[in-house]
Amino acid sequence: MEKHIKRIISINLVFIALIIMSFASFGEIAGSYGGITGDPQLKVGVFEYEEVTFITGEPVILKGTVTIPPVDKSPLSYNMSYTYSAQNTEKKIVLSRKITYLVTKTIDKANNQTITKIDMTKFDENYSVGSDTFSLGSFLFDKSKITDNTPAVDYFSGNVYSKRIFYKNGDAISNKGKFTIETNTKSLVGYKHKWGNQETEILNEKLEYEYLNPNYDSTNASSSKYLKWTGNATLKMSSTKKVDFLLQGTDPQNISFRKNYIQTDSEINLLSYKCNLPTLVSGGSFNDLKRNSLENSIRKDITLDTTSKIVPKIKDIGGYWAENNIFLLASIGIYDVIPNYFMADLPISRIEFAKEIVRAITDDLNYLDDEAKLKQKLILLKRPTAVKPDNFDDIDLNSKDSFYTSYVKEKGIMHGMGNSGEFFKPYRSLTRAQAITIMVNALGLSDIAPKPPYKTKFKDDADIPLWSKDAIYIANEIGLVSGYQDETIRANGEITKGEASVLIKNFINHLKDNITSDYREKVMSRY
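If you read the sequence shown in UniProt numbering, its first letter stands for residue 1, the second for the next number, and so on.
In structure tokens form, the structure reads like this:
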């Protein structure tokens, strides 16, 4: 009996994990059809779904579900399927849509970029409107994206074009009307990083409905058998998956810690539309000259997961000016704190900052914290056939640190010292200019500074090394650094561990919070 109960619990845990895993891959729009997802359902891969349709000449919100089976997106080619089922009972409209896409990725290693082509291989769609049926008769679809794969963020931009023709109660040869939707992209942008992902899509739809004239008189030469109305709509869709950290206190007096962080994973999905449509008149006809301009918006907030973070027991940060920053970063695994002392006023070393920046952008090296896995990895690298990662000449290749230095070298985040950059100098202290340059390199933004000559806003601009000026300019523009109260940046000064905690926290906040508004609110407000 006990064994049976354990088996049931195990199955349920796996089931719940699958639901979370499927949904956690979101922060993506479920197709370019004017719809957004909501809460995940009990069945894996099924989500609430809402979409706006204009098939009756007015905006109507359809509600239902979309099924998106979990898929491994790591291969260069894979299939994705979407099944939509939605309706509006008041307007007597029912939507059924089934799509299969072939996704093909082409990787340009020289530029660290990926081109993604999305082709539609199967498409079936129809609307039931009262007693009438609108069946898909033909379609065109083209979608592609270019992704710049930087060390910290995958930034992408893309385009969509589609044209769908529906026939009312018939097909291309015999029907009682034809409804055409032609879709073009105004904007399709997004990003993906350790702390979340985001996609925003702005679409323009051209609508045309040709239908039988209910007052057609075959004996009257001036009477038209078919009438037509046209319209247009702008659809704005956004999906954001993000992480937040909530600090909560503990109530009991007899407890070994006073506070801890809770990590919340959530998703925000937005849909808004503006449309210009004809006016419906009596008898089922439309006045194409008298127009209706309408708009509306829908928002879905979903909590995906909550996790308690570890409680760091650091003895020397109580009352320190950067205590909150240090406590947070230690809680989320950015720091090595051994043995329970941080020593915040000491200069931070190059190897310490390297490890912190790597942990802030990826989980790829988390396995190194497991001594058994680290030992196994080092043994494997000693085999004659093993591919040795590129590293610096002064790094012990049998150390845990070697994996971090190899990572920052391969990704171009940090560069070596010496005539040929062959030495890492792991225990040398770091200057503010170097730390800021490392962060901007990780973000992949080092090439977007203005053309020189130019000046930063800092009063000690003349003291900024030329090799770091672009990075400092960009870091200030995007809010990573603001300088000191006297309006200086002190680029050549050594940075302490406490000061570095501010930079790393700002870096993480930039990833998980600041760029969201750039990709969502700013883009959506332009149209």
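In this text, a Cβ means the ideal position worked out from N, Cα and C, and glycines have one as well.
Problem set entry | Residue nearest to E28 in terms of C-alpha spacing, selected from D390, Q253, K242 | K242
Exercise. Among the residues of its own chain, which have a CB less than 7 Å from the CB of S525, if the five just before and after it don't count?
Worked result: none
Problem set entry | Endpoints, the alpha helix (DSSP H) within which S406 is located | 401–410
Problem set entry | Unbroken stretches of the alpha helix (DSSP H), 4 residues or longer, contained in the segment 435–521 | 466–477, 497–509, 515–519
Exercise. How many angstroms separate the CA atom of I146 from the CA atom of D394?
Worked result: 38 Å
For this session: For Y367, I'd like the list of residues in its chain whose CB is within less than 8 Å of its CB, leaving aside the five on either flank, ordered along the chain.
Result: K373, L374, K377
Exercise. Does the Cβ-Cβ distance between I413 and I357 come in under 8 Å?
Worked result: yes
Exercise. Are the CB atoms of T405 and F423 nearer to each other than 8 Å?
Worked result: no
Problem set entry | T183 and L203 closer than 8 Å at C-beta | yes
Exercise. Is the beta carbon of N514 less than 8 Å from the beta carbon of G479?
Worked result: yes
Problem set entry | Nearest-angstrom Cβ-Cβ length linking T104 and L76, presumed shorter than 8 Å | 7 Å
For this session: Could you spell out the range, first to last residue, of the beta strand (DSSP E) harbouring I361?
Result: Careful: I361 lies outside any beta strand (DSSP E), inside the alpha helix (DSSP H) at 350–361.
Exercise. Measuring CA to CA, which of G158, V71, Y261, T67 is closest to G249?
Worked result: Y261
Exercise. Exposed or buried, G130, counting other C-beta atoms within 10 Å across all chains shown (16 or more means buried)?
Worked result: exposed
Exercise. At what residues does the alpha helix (DSSP H) containing L212 begin and finish?
Worked result: Element bounds for L212: not the alpha helix (DSSP H) but the beta strand (DSSP E), 196–212.
For this session: Report yes if the C-beta distance between S128 and I99 is below 8 Å; otherwise report no.
Result: no
Exercise. Excluding the five sequence neighbours on either side, which residues of its own chain have a C-beta within less than 7 Å of the C-beta of I334, listed in chain order?
Worked result: E356, R359, A360, I504
Exercise. Could you give the uninterrupted runs of the beta strand (DSSP E) lying entirely in the segment 88–160, keeping only those of 3 residues or more?
Worked result: 93–108, 113–129, 132–149
Exercise. What three-state label does DSSP hand A24 in the structure shown?
Worked result: For A24, the predicted model reports a pLDDT of 36, less than 50, meaning its position is unreliable and no value from the coordinates is stated.
Problem set entry | Runs of alpha helix (DSSP H) lying entirely within the segment 292–349, each at least 4 residues, in chain order | 323–331
Exercise. Between S285 and N213, what straight-line distance do the alpha-carbon atoms span, to the nearest angstrom?
Worked result: 8 Å
Exercise. Looking only at C-alpha atoms, which of T437, I438, F392, T121 sits nearest to M417?
Worked result: F392
Problem set entry | Pairwise C-alpha distance: K168 and H229 | Position check: residue 229 holds Trp in this sequence, whereas His was assumed. Taking the straight line from one Cα to the other gives about 15 Å.
Exercise. If you compare alpha carbons, which of G57, T65, G34 is closest to Q41?
Worked result: T65
Exercise. Pairing CB atoms from the segment 218–233 with CB atoms from the segment 300–311, are three or more of them under 8 Å?
Worked result: no
Exercise. Where do the N-terminal and C-terminal ends of the beta strand (DSSP E) with residue 534 fall, by residue?
Worked result: For residue 534 there is no data in the structure shown, the boundaries of the chain being 1 and 527.
Problem set entry | Exposed unless 16 or more other CB atoms sit within 10 angstroms - verdict on Q198 | buried
For this session: Give every residue of the same chain whose Cβ lies closer than 7 Å to the Cβ of P59, excluding the five residues on either side of it in the sequence, and list them in chain order.
Result: V52, Y273, C275, L294, N296
For this session: Identify the continuous alpha helix (DSSP H) that holds I379 and give its terminal residues.
Result: 371–381
Exercise. Taking buried to mean at least 16 other C-beta atoms within 10 Å of its own C-beta, is R350 buried or exposed?
Worked result: buried
Problem set entry | Outcome for K522 when other beta-carbon atoms lying within 10 angstroms are tallied against a minimum of 16 | exposed
Problem set entry | Extent of the continuous beta strand (DSSP E) run through H193 | 177–193
Exercise. Just how far apart, CA to CA, sit I173 and G137?
Worked result: 10 Å
Exercise. Are A491 and I464 close, meaning C-beta to C-beta below 8 Å?
Worked result: yes
For this session: Name the residue from I93, I474, I489, I107 whose alpha carbon lies nearest to the alpha carbon of H510.
Result: I474
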